[in-house]
Structures are given as C-alpha cells and as structure tokens.
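Participant:
Residue numbers (my numbering), protein chains in the order written: chain A, 2 to 270; chain B, 1290 to 1402.
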C-alpha cells in the first residue's frame, strides 16, 4: 500500500481529531523519534489533478496547522510504503527538526502586486525625451538608427527597474517589520511588480494584515493580492534532495506549491 | 473546505493572467521526446545565443552611454548587432520558437534571461 504524504509535524502522537484526506481516506501520523509524517493510504497515484483534490490536500495541511508546526509536503507526494517513509525520515530527521523549529508558531502570507507596466514605461519615455542625450552626430544610416532605438530601450529598462526597486522597497519596509523571513521576486512578468512571501509569527498576524491595509489604501495606486495564512510552503530548506519518491517530477518534496495556492485562490475569490 | 487561508483581491482576473504568464514562460524540463528533440535542442542553443547577444548589446549600450565609441565604431557595432538580431529572428522562425520560450529556469538562481 502506497502512502500519500501531507506533511511532517512536530509530534509523534496520534492525531486525536479524525481527519479525512484524499479519496476520503483516514489521515494518521507515523511517528519517527519526536516528529511524525502525516499520511493516508492510497491505491495508485492521482491521475487527474482536480481542484477538489488540491483543496483536499490543502485542507488536511491547514487542519494540522491548527495544532502542530507543519512542514507541508507538495501536492501528490506519494511514498512506496512505511519502510521507505521511515528511511526518508531517518535521512532527513535533522533537516525536518531544524525547519520545524524555525517555523514554530509561524505561518506564511503571500503578497502579489500588479503595476501598469506600459503606463510606467510611457511616462519614463516622456521624461527621457525631455532630457534626451545626444548619442550620435547623425542618424542617417540604418545601423545608427538601430543603435539609437536600442539605446532608448536600454535607458527605459534601467529606469523601469529602478522604479520597481523603489516601489518594492517602500512596500517591503512595511511588511518586513512584522516578518521573521521573506522571499521577494521582482517583475516575474512586466506587470507583476512583486511576488512575495513572508513568514510571520502567528501573534503578529493582525499587525501584518494592518500593514497590508495601509499599503493598499495608500497613494501608490497599484493592484494587490493578499493570501494566507498558509503553511510555510516556500520556506522549507533541505540540505539534499529527497530521492525516495516514486514520481521523478515530485523530487522537490517541499517545493513551492503554486498550483495548489493558485487553485485555492481561484476557488476562494 | 479551506480552514483559514483567504485570498483577497479586487483584480482576480488580472492576477490569474499574470501568474499563468509567469508559470507558462518557463518549462520545468527540456522536452526531449523523439518527435520534438530537434526543437528542444534548438531552444536550448538559441537561449544561450540569445543570452550572449543580450550581453553584447548591453555592453555596447553602456559604451554608447559613456561616450567611449566614435561615430564609426557606433556604425560598426550597430550593423553587427542588427545582423545578429535578424539572424536570431530567422532561426526562431525556422524552429517555431517565440521570444518568451527562450529562457531557462536556474532554480534558486532565478531565470537565465
């Protein structure tokens, strides 16, 4: 019988409250020293990734979060059996313990920000045109005109990046005050100015939300997406990659579950 | 079904679109099945050429900005970069590749381009 892994928790005790996981199966804890792997039994890998299955996984992890510190496993993490699982727990015990201690009483919040990239670039171009740098004696050949056009694009890109940095810095000052750790990604697309995750202590959740409220109602005029509290999907650090999983695509055991978060987002909006 | 997590936004469709764009731009692995191996390899090679081309272009722009190129040198650099860009366009068309496909995800280091 294969085991579907939901996460690792900081307890070796059995879960007192009944939790039902994927395919309605019973969720239980397999202890290893003072930690445990929360699993349910599964006949075969999930063939179709449905919104229901993803939400089912997330719901189990969130129920665990209510009572334990959790290292959430990636959706569709399937392990060959109890022996393989225990072997993995043995290999990664120090990593798991270290992460669980880092995550004690903390949760993850996501913040995404969209800005009007085309408008920002158009404004930059306007300013650049006013203070245009003379780079060529004449632009009577196609290669000089090519360079002129490229140079304009180069200057716009530099200004665009600098503006993005400024906006992100302002926002991050607010959020960082209440976060233990953070990961920021700038301009994943030209419009997606910021894609950030913050690890926040549970008793500072309200402060963090208030900081978001301030930014949102401020004068920056951007579009925001706020999500959480999530299990700390994006902050798990392992010293080596797990090699016991059946599906090679699932090698990143505790990787970013963007699919899960995206689907949850779609379902909850 | 979700216990606590909430997602708040006034612009759900825009965010879904941008997240999809960000995810679709970067395939997690090179598609190397027998039918598409040529395109997969071309994509890898063209990505590396594109990286070098962009580096050359950036270096040239820095020198233009610093004013360290003569009019003749600008002419020469312009012609070279223009030909290189045209050649890349031709190759992309031959292999049916789009600009956004020429990238590699380097894991924790981010994207190549």
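Ideal Cβ placement from N, Cα and C applies to all residues, glycine included.
Using a Cβ-Cβ cut-off of 8 Å, state whether residue 7 (chain A) counts as contacting chain B.
Facilitator: no
Participant: Measuring CB atoms only, is the segment 33–46 of chain A touching the segment 212–227 of chain A, in the sense that at least three cross pairs come out at less than 8 Å?
Facilitator: The segment 33–46 of chain A is not in contact with the segment 212–227 of chain A.
Participant: For residue 1295 (chain B), report the span of its beta strand (DSSP E) as first-last.
Facilitator: 1295–1298
Participant: Following the continuous alpha helix (DSSP H) through residue 1329 (chain B), name the residue where it begins and the one where it ends.
Facilitator: Taken as a continuous stretch (DSSP letters only), the alpha helix (DSSP H) holding residue 1329 (chain B) covers 1326–1355.
Participant: Can you tell which of A:196, A:100, A:206 and A:58 has its C-alpha closest to the C-alpha of residue 1307 (chain B)?
Facilitator: A:196
Participant: Under 8 Å between the Cβ atoms of residue 107 (chain A) and residue 233 (chain A)?
Facilitator: yes
Participant: Cutting at 7 Å between CB atoms, please list the residues of its own chain near residue 1390 (chain B), excluding the five before and the five after it.
Facilitator: Cβ within range, chain order: 1332.
Participant: Taking the Cβ atom as the reference point for each residue, do residue 1345 (chain B) and residue 1370 (chain B) lie within a distance shorter than 8 Å?
Facilitator: Their beta carbons are under 8 Å apart, which means residue 1345 (chain B) touches residue 1370 (chain B) by this criterion.
Participant: If I follow the unbroken beta strand (DSSP E) through residue 41 (chain A), where does it start and stop?
Facilitator: Looking at the DSSP string, the run of the beta strand (DSSP E) that includes residue 41 (chain A) is 36–43.
Participant: Does the segment 108–115 of chain A come close enough to the segment 24–31 of chain A that 3 or more CB-CB pairs lie under 8 Å?
Facilitator: no
Participant: Just the Cα atoms here: how many angstroms apart are residue 152 (chain A) and residue 1376 (chain B)?
Facilitator: 20 Å
Participant: Got a sec? Which residues, its chain only, sit under 7 Å from residue 1290 (chain B) by beta carbon, not counting five neighbours each side?
Facilitator: Because residue 1290 (chain B) sits at a pLDDT of 44, beneath the cut-off of 50, its placement in the model cannot be relied upon, and the following sentence gives the value as read from the coordinates. Hits under 7 Å: none found.
Participant: Do the segment 163–180 of chain A and the segment 200–211 of chain A touch if we need at least three Cβ pairs shorter than 8 Å?
Facilitator: yes
Participant: Pop quiz: residue 115 (chain A) and residue 193 (chain A) are said to be a contact at Cβ under 8 Å. What is the actual Cβ separation, rounded to whole angstroms?
Facilitator: 6 Å
Participant: For residue 7 (chain A), which beta-bridge partners are listed by DSSP?
Facilitator: Paired residue(s): none; residue 7 (chain A) is not in a bridge.
Participant: Considering only the beta carbon of each residue, do residue 1349 (chain B) and residue 228 (chain A) sit closer than 8 Å?
Facilitator: no
Participant: Name, please, each residue of chain B whose Cβ falls closer than 7 Å to the Cβ of residue 189 (chain A).
Facilitator: 1311
Participant: Using the C-alpha atoms, what's the distance from residue 97 (chain A) back to residue 1373 (chain B)?
Facilitator: 50 Å
Participant: Using a Cβ-Cβ cutoff of less than 6 Å, which residues in the same chain neighbour residue 245 (chain A) once the five nearest sequence positions on both sides are dropped?
Facilitator: Residue placement at residue 245 (chain A) is flagged as unreliable, the pLDDT there being 49, under the threshold of 50; the coordinate-derived value follows with that caveat. Contacts found: 85 and 89.
Participant: Checking contacts by CB at 8 Å: is residue 231 (chain A) closer than that to chain B?
Facilitator: By this cut-off, residue 231 (chain A) is an interface position.
Participant: Just checking: is the beta-carbon of residue 182 (chain A) within a distance shorter than 8 Å of some beta-carbon in chain B?
Facilitator: Closer than 8 Å: no.
Participant: Is the beta carbon of residue 165 (chain A) sitting closer than 8 Å to the one on residue 188 (chain A)?
Facilitator: yes
Participant: Does the separation of the CB atoms of residue 145 (chain A) and residue 1363 (chain B) fall below 8 Å?
Facilitator: yes
Participant: Can you look up residue 85 (chain A) in the DSSP assignment and give me helix, strand or coil?
Facilitator: Secondary structure at residue 85 (chain A): helix, using DSSP grouped into helix, strand and coil.
Participant: Check for me: the alpha helix (DSSP H) holding residue 55 (chain A) runs from which residue to which?
Facilitator: 52–68
Participant: Under 7 Å between beta-carbons, which chain B residues line up against residue 145 (chain A)? List them in chain order, please.
Facilitator: 1363, 1364 and 1367
Participant: Give the residues of chain A in contact with residue 1371 (chain B), contact being defined as C-beta atoms less than 8 Å apart.
Facilitator: 143, 144 and 147
Participant: Identify each residue in the segment 198–228 of chain A for which the Cβ-Cβ distance to at least one residue of chain B is less than 8 Å, and report them in chain order.
Facilitator: 224, 225, 226, 227 and 228
Participant: Under 9 Å between beta-carbons, which chain A residues line up against residue 1244 (chain B)? List them in chain order, please.
Facilitator: Nothing about residue 1244 (chain B) can be reported from this structure: the residues present for chain B run from 1290 to 1402 only.
Participant: Go ahead and label residue 248 (chain A) buried or exposed: buried means 16 or more other beta carbons lie within 10 angstroms of its beta carbon, across all protein chains shown.
Facilitator: No answer about residue 248 (chain A) holds up, because its pLDDT of 44 lies below 50 and its placement is not dependable.
Participant: Quick one: is residue 151 (chain A) near chain B, going by C-beta distance under 8 Å?
Facilitator: yes
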